[in-house]
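2 protein chains.
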Amino acid sequence: MKGFPDFQNKEGRLVVGECTAKDLAATYGTPLYVYDEEALRRQARTFVNHFKSDSYKARILYASKAASFAALIRLAKEEGLNLDVVSEGELYTALAVNFPPDRIIFHGNNKLDRELEAAVEAGIGFVVLDNLSEARRLSTIADKAGQTVEVLLRVNPGVEAHTHDYIKTATSDSKFGLGLATAGEALQVIQGLPGLRLRGLHCHIGSQIFADDAFIKAAHIMLDFMVACQGQGLSMDILDLGGGFGVFYEDGDQPIDLAPFLEGLAQDLEKEARDRGIRLAEVWLEPGRSMVNNAGLTLYTVGDIKRLADGTNYAFIDGGMGDNMRVALYQAGYTAVLADRLDDAADNTWRIAGKYCESGDVLIKGAPLPDPQPGDILAILGTGAYTFSMFSGYNRLPRPAVVFVKGKDHREVVRRESLDDIIAQDLLE
Amino acid sequence: MKGFPDFQNKEGRLVVGECTAKDLAATYGTPLYVYDEEALRRQARTFVNHFKSDSYKARILYASKAASFAALIRLAKEEGLNLDVVSEGELYTALAVNFPPDRIIFHGNNKLDRELEAAVEAGIGFVVLDNLSEARRLSTIADKAGQTVEVLLRVNPGVEAHTHDYIKTATSDSKFGLGLATAGEALQVIQGLPGLRLRGLHCHIGSQIFADDAFIKAAHIMLDFMVACQGQGLSMDILDLGGGFGVFYEDGDQPIDLAPFLEGLAQDLEKEARDRGIRLAEVWLEPGRSMVNNAGLTLYTVGDIKRLADGTNYAFIDGGMGDNMRVALYQAGYTAVLADRLDDAADNTWRIAGKYCESGDVLIKGAPLPDPQPGDILAILGTGAYTFSMFSGYNRLPRPAVVFVKGKDHREVVRRESLDDIIAQDLLE
């Protein structure tokens with residue numbers, strides 16, 4: 418299907434792997450998060466196989482904040498990916514599936530002492546430092562544990578990607594990292610701290626980036642900055658360029674064509690590093706959304722239908738803003754289909770509203786659809802990233818189950834919350 | 418403290434009940450949701466004692482979507498409140514503390530069959546219907562169970578409260594309820610459906626309303642509509658006016674003075690009903706936010722401090738957008754204080770950012786504060802509503818504990834999520 422090559426239309430029916438969406442909904446109930454396992458693996462291989470170099474080690478890190486649950490992290494392990502975690506909870510999930518600690522990188526601003534201690538204890542590969550006071554805290558923790566932690570520093574190259582304010586991360590007043598003007602001094606301090614071994618720099622210019630020139634431009638600025646650092650006696654050989662590659666959500670989105678882009682980027686970096694006389698030991702990319710989003714969809718059951726006097730047509734679904742916060746948070750756009758009526762022409766424009774007790778709980782303002790009927794399965798496509806992971810328990814609605822489909826097979830990989838799960842932390846006495 | 422009469426400044430220290438915020442943070446850790454139990458009870462009594470009538474039964478329903486957990490629902494029970502629930506999960510919470518079912522009202526759009534069945538089985542007091550197809554579904558379910566369910570219909574009086582788009586609920590294209598133009602016809606059908614007993618009308622004009630005239634205006638429109646309905650042979654004697662009373666979050670907010678407003682409203686409704694020749698058996702109000710918000714605050718620990726070259730000062734806290742989605746969702750404003758330094762003059766304007774891996778995770782853009790130090794306890798005041806209840810597990814950070822303070826005593830009423838809780842639904846095999 419357009420923008421979603423891994424989902425098929427077979428005689429008007431939406432098919433994931435070799436399973437119809439309708440059968441999956443009947444088996445597991447709705448709302449339901451569904452991933453095509455083969456599509457996830459293909460996308461992992463696209464990154465691993467096309468971002469390669471003979472002159473440096475190319476690492477692909479899955480940014481697990483996009484979606485973190487045991488089965489997905491295990492898949493990332495099996496595909497040889499490295500892993501970004503931003504919390505003790507994400508680290509715990511990774512360790513629960515025996516993800517090799519040396520392939521884990523700890524990210525984020527304001528890592529807690531407890532989290533840094535857990536990271537050091539697990540022996541994870543790298544910590545990307547956000548600022549100098551964090552560097553000092555980690556130094557104390559590592560030194561006390563008698564260990565040396567390899568670190569990078571997050572810096573802001575000052576390149577703006579054209580994206581939503583909330584997910585634009587490298588502007589001058591970003592909460593993340595340090596500006597280039599002040600980073601040099603911080604790096605000098607970090608290089609001298611016990612328990613730390615300075616290895617390189619990280620940047621992340623934003624999310625849902627459609628223009629590859631912004632990405633390349635940021636990379637060159639980073640290389641220039643590495644040259645300047647070298648001149649000041651700072652020894653660094655890892656460049657982490659972050660992620661942020663855009664995906665297709667709805668008509669008009671034009672994602673970067675990954676395979677040629679990644680190959681071009683890998684070569685460009687070889688040349689640009691050589692031209693600047695920099696020895697790069699490793700270059701990292703951190704896809705999150707672009708790794709998992711378009712292998713996923715959410716299935717809902719259509720409930721009540723309401724046609725208002727002003728012409729607005731509402732189709733209510735059994736989930737909404739809690740299982741997909743992105744619309745209320747970012748006014749994100751999505752594509753909806755009726756899973757068993759793909760070949761039916763659109764009758765009207767439908768507003769797809771959830772069942773959360775809030776006016777803003779509308780997932781799509783106007784979707785051209787054949788008139789939905791109660792009981793129809795409605796699929797929202799491309800929900801593999803930042804839906805499960807941002808789930809809100811608002812209205813005490815249960816978190817949906819997650820299902821992996823592999824050809825004819827399917828299995829629950831996260832079970833649906835029960836009513837008892839919902840009140841599990843409430844103390845009743 | 419200004420806007421928060423239940424929190425005290427004692428020699429520069431923030432005190433809830435007779436406990437310092439700092440001691441609570443030390444005992445239970447941070448982030449921590451804290452409620453003053455006495456303040457909750459006082460607010461419940463303000464509603465119950467000031468909204469009274471000799472000519473109709475005045476019911477106060479706590480809208481539990483504002484904050485639903487066992488201890489709070491038990492408190493609502495003890496204070497004689499009635500209860501709004503909008504899901505099976507909220508109903509389950511209420512039943513877990515033996516909330517009398519006949520004092521529970523089921524609300525919301527697109528209630529699922531499963532939820533309606535649970536409501537009928539529990540024998541709850543009333544269902545507020547959103548639309549006709551829901552009415553038909555409930556009729557079938559009630560009839561099959563051999564029961565008669567008392568119902569109200571939600572209608573839109575077309576009054577706009579000045580509030581955020583997402584929480585403005587009675588405009589003509591709202592997903593909730595039916596417009597007055599079409600409601601009459603629907604009521605005729607509902608009155609004839611087996612298993613249902615039509616009792617009245619519900620409206621809710623919005624949230625965080627500061628102008629009492631909007632509320633009164635909506636009430637009069639509803640009474641006029643009841644007259645019109647009476648003329649068409651529709652028998653209804655309950656009027657549910659919803660909630661939406663604004664609270665103080667930050668300087669400039671001027672909430673309605675509840676006690677006189679409620680007394681005036683109660684009298685006004687007596688007179689207006691009498692003038693129209695309507696016999697009102699019951700009038701309901703549904704405070705949610707205004708019942709609990711300002712009895713609550715959230716405690717955080719200040720972590721890293723970052724001063725950017727452009728003059729932006731960041732103080733990072735150990736929570737953020739996950740435990741308070743309202744800022745990212747509605748650009749909501751809040752008041753922050755350093756819990757042990759209330760008497761210190763502000764040194765600078767501080768941006769209070771959380772530890773979620775997202776640029777938008779900023780709880781306050783510019784708070785005038787004495788320069789925060791790592792380890793300081795920072796309190797955000799007035800977080801009793803729509804914070805715990807909207808909690809998002811983003812970044813796999815644990816949901817904070819909830820503590821009730823009563824004078825010198827304090828107790829955990831919701832325990833903090835553990836790492837094992839976070840992965841509890843992940844299937845590891």
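Taken in order, these protein sequences are the chains called A and B.
Using our numbering, the first residue of the first sequence is number 418, and each one after it goes up by one.
Using our numbering, the first residue of the second sequence is number 418, and each one after it goes up by one.
Glycine residues also receive a C-beta, built at the ideal position from the N, C-alpha and C atoms.
Residue 679(B) has its alpha-carbon roughly 21 Å from the corresponding atom of residue 643(B). Collapsing the DSSP output to three states places residue 515(A) in coil.
Annotated three-state conformation of residue 765(A) is strand, per DSSP. Apart from sequence neighbours up to five positions away, the residues of its chain that approach residue 736(B) with a beta-carbon distance below 6 Å are 448, 717, 771, ordered along the chain.
Under the three-state reduction of DSSP, residue 781(B) is assigned to strand. Rounded to whole angstroms, the gap between the alpha carbons of residue 569(B) and residue 782(A) is 28 Å. Counting C-beta atoms within 10 angstroms of its own C-beta, residue 528(B) has 16 or more neighbours from the protein chains shown and is therefore classed as buried. For residue 841(B), the secondary structure class from DSSP, reduced to helix, strand or coil, is coil. Close to residue 774(B), with beta-carbon spacing below 7 Å, are these residues of chain A in chain order: 482, 503, 524, 525.
In this chain, residue 722(A) is not harboured by any alpha helix (DSSP H); it is covered by the beta strand (DSSP E) spanning 713-724. Nearest CB-CB separation between residue 543(A) and chain B: not below the 8 Å threshold. By the Cβ rule, the segment 747-759 of chain B counts as touching the segment 778-798 of chain B, because three or more pairs are nearer than 8 Å. Within the segment 650-734 of chain B, the runs of alpha helix (DSSP H) that reach at least 4 residues and sit entirely inside it are, in chain order, 675-693, 706-709. The beta-carbon distance between residue 624(B) and residue 743(B), rounded to whole angstroms, is 11 Å. This is too long to meet the 8 Å contact definition.
Within 10 angstroms of the beta-carbon of residue 532(B) lie 16 or more other beta-carbons, which makes it buried. Taking the CA atoms as reference points, residue 523(B) sits about 9 Å from residue 546(B).
Boundaries for residue 528(A): no alpha helix (DSSP H) harbours it, and the DSSP string shows neither H nor E there.
Membership of residue 833(B) in any beta strand (DSSP E) is not indicated, and neither H nor E is assigned to it by DSSP. In summary, residue 763(B) is exposed, with fewer than 16 beta-carbon neighbours lying within 10 Å of its beta-carbon over all protein chains present. In this structure, DSSP gives residue 632(A) a helical state, which the three-state scheme calls helix.
Residues of chain A with a Cβ closer than 7 Å to the Cβ of residue 809(B) are, in chain order, 742, 807, 808, 809. Between residue 608(B) and residue 549(B) a beta carbon distance of about 12 Å is seen, past the 8 Å cut, so the two are scored as non-contacting.
Relative to the Cα of residue 740(A), the nearest Cα in the group 767(B), 474(B), 765(B), 807(B) belongs to 807(B).
Inclusion of residue 710(B) and residue 818(B) in the CB contact set at 8 Å is not warranted, their separation being larger than that value. Within chain B, the C-beta atoms nearer than 9 Å to that of residue 720(A) come from 526, 527, 528, 529, 530, 550, 551, 554, in chain order.
The beta-bridge partner set that DSSP reports for residue 821(B) consists of 452(B), 828(B). Sequence-distant Cβ neighbours of residue 731(A) in its own chain, meaning closer than 6 Å and more than five residues away, are 723, 768, 770. Taking CB atoms only, residue 729(A) has a neighbour in chain B less than 8 Å away. Judged by DSSP secondary structure, residue 478(A) falls within the beta strand (DSSP E) whose first and last residues are 474-480. The closest CA to that of residue 566(B), considering only 627(B), 433(B), 518(B), is found on 518(B).
Counting along the chain, the unbroken beta strand (DSSP E) around residue 618(B) starts and ends at 613-619. Among the residues facing chain B, residue 458(A) is not included, as its CB has no counterpart in that chain under 8 Å away.
For residue 590(B), the closest Cβ of chain A is nearer than 8 Å. Around residue 600(A), no beta-carbon contact reaches into chain B at under 9 Å, the shortest distance being about 10 Å. Shown here is that no member of the segment 677-703 of chain A has a Cβ falling below 8 Å from a Cβ of chain B. In the DSSP assignment, residue 596(B) is bridged to 573(B).
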